[in-house]
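Asks: Okay, handing you the structure first.
Residue numbers (the numbering used here): 15 to 218.
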């Protein structure tokens, strides 16, 4: 191989290394800088599913008010940890108002999530920090969104981009999650890495 071929090979190797490093950096960001909200219904009955949504709305409203000015994930975790009992109380008051005997348990923990599509963005599979709300027996269908950055009710692309920017997400990752046509391979690989994480996490 001539000098030109050697230089080309080195440049290609460097380009792949930089691209791979960026991919791993994005995966790490998703693991460490996002907090999911995960609400689990008592059962799959129509009543319990409706109640789940009532609890969701009450908690999202509470979080939107309490976390409105938080721009750092560590501060968000600290707020949630300090207010777990308050959030649980919001959920249980909603259950009482609905006239059911079920109670909610709220924890902050790591959870494995499968890929999830929202209106304006998609999150790859992976292990995320999670504000987990389990109602009663916790045997019903889930509802989940992103508690930090506050994306639970972001209905437009502009709102997603603004929230992502506030949370320190770079443009490349933002475009990847919002379905940019030039980032499909990047998203596929992020999801593949997340599925490997889930496999390992669930085997613990």
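Ideal Cβ positions, reconstructed from N, Cα and C, are used throughout, including at glycine.
Which class does residue 97 belong to by DSSP, given the choice of helix, strand or coil?
Replies: Indexing the chain shown from 1 puts residue 97 at position 83. Here DSSP, grouped into helix, strand and coil, assigns residue 97 to coil.
Asks: Of all the options 217, 60, 215 and 191, which has the alpha carbon lying nearest to the alpha carbon of residue 37?
Replies: Locating residue 37 in the chain shown gives position 23, where the first residue counts as 1. Minimum Cα distance to residue 37 is reached at 191.
Asks: Check residue 123 in the structure and name its three-state DSSP category.
Replies: Position 109 of the chain shown, counted from the first residue, corresponds to residue 123. The answer is strand: DSSP assigns residue 123 an E or B state.
Asks: Count Cβ pairs between the region 36-54 and the region 155-168 that sit closer than 8 Å; are there 3 or more?
Replies: Result yes; three or more Cβ-Cβ pairs closer than 8 Å.
Asks: If you drop the 5 nearest sequence neighbours on each side, which residues of the same chain put their C-beta closer than 7 Å to that of residue 139?
Replies: The count along the chain shown starts at 1 and reaches residue 139 at position 125. Closer than 7 Å at Cβ, skipping near neighbours: 127, 128, 129, 205, 208, 209 and 212.
Asks: Taking only the alpha-carbon atoms, compute the straight-line gap between residue 12 and residue 98 and give it to the nearest angstrom.
Replies: Because the chain is modelled from 15 through 218, residue 12 falls outside the range shown and cannot be assessed.
Asks: Please go through the same chain and pick out, in chain order, the residues whose beta-carbon is closer than 7 Å to the beta-carbon of residue 90, but skip the five residues on each side of it.
Replies: For this step, residue 90 is matched to residue 76 along the chain shown. So the list reads 49, 81, 84 and 162, once near-sequence residues are dropped.
Asks: Should the region 99-115 be regarded as contacting the region 64-79, the criterion being three or more beta carbon pairs within less than 8 Å?
Replies: A contact exists between the region 99-115 and the region 64-79.
Asks: Out of 96, 189, 185 and 88, state which residue places its alpha-carbon closest to the alpha-carbon of residue 135.
Replies: Here the question's residue 135 lines up with position 121 in the chain shown. That would be 189, whose Cα lies nearest to the Cα of residue 135.
Asks: The beta strand (DSSP E) that contains residue 50, what's its start and end?
Replies: Position 36 of the chain shown holds residue 50. Taken as a continuous stretch (DSSP letters only), the beta strand (DSSP E) holding residue 50 covers 49-54.
Asks: Taking residue 142 as part of the beta strand (DSSP E), name the residues at either end of that continuous run.
Replies: For the purposes of this step, residue 142 is identified with residue 128 of the chain shown, where counting begins at 1. Its beta strand (DSSP E) spans residues 140-149.
Asks: Would you kindly report the start and end of the unbroken beta strand (DSSP E) that includes residue 82?
Replies: In the chain shown, residue 82 corresponds to position 68, counting from 1. Counting along the chain, residue 82 falls outside any beta strand (DSSP E), and DSSP gives it neither H nor E.
Asks: Between the Cα of residue 79 and the Cα atoms of 88, 60, 174 and 164, which residue gives the shortest distance?
Replies: Within the chain shown, residue 79 is the residue found at index 65, counting from 1. It is 164 whose Cα lies nearest to the Cα of residue 79.
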